[in-house]
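Residue numbers (the numbering used here): 1 to 108.
This report concerns only the one structure given below.
Below, the structure is given as structure tokens:
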């Protein structure tokens, strides 16, 4: 159980970054190149590249090469399931976690 819990903590830590979460949400709609993500999310190319690399290392994102370009997508449908479940949980709780003094927006 401890190893499973440690892995779960690592998973949620990997999702606990605005840029990484934005990238995953975008990729849940379909594959994209770093340039596409940069343009659509308004993030710097270096930021997108760094976070896509992290997500690939975590096994949440995969790459498909086509010529000199890499197209990124979520690795499994379960990634999308987790994002959708989180959105349902936030709605069900009235987004109260955002008001939390420890973890909410004002705490950052």
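Don't be surprised by glycine CBs; every beta carbon is placed ideally from N, CA and C.
- Closest by C-alpha distance to residue 80, out of 9, 21 and 17, is 21.
- Taken through DSSP and simplified to helix, strand or coil, residue 75 comes out as coil.
- Under the 10 Å beta carbon count, residue 9 is surrounded by fewer than 16 other beta carbons and is classified as exposed.
- Residues 26 and 32 of the same chain have their beta carbon placed closer than 8 Å to that of residue 40, with the five preceding and five following residues left out of the count.
- The DSSP-derived three-state label of residue 28 is coil.
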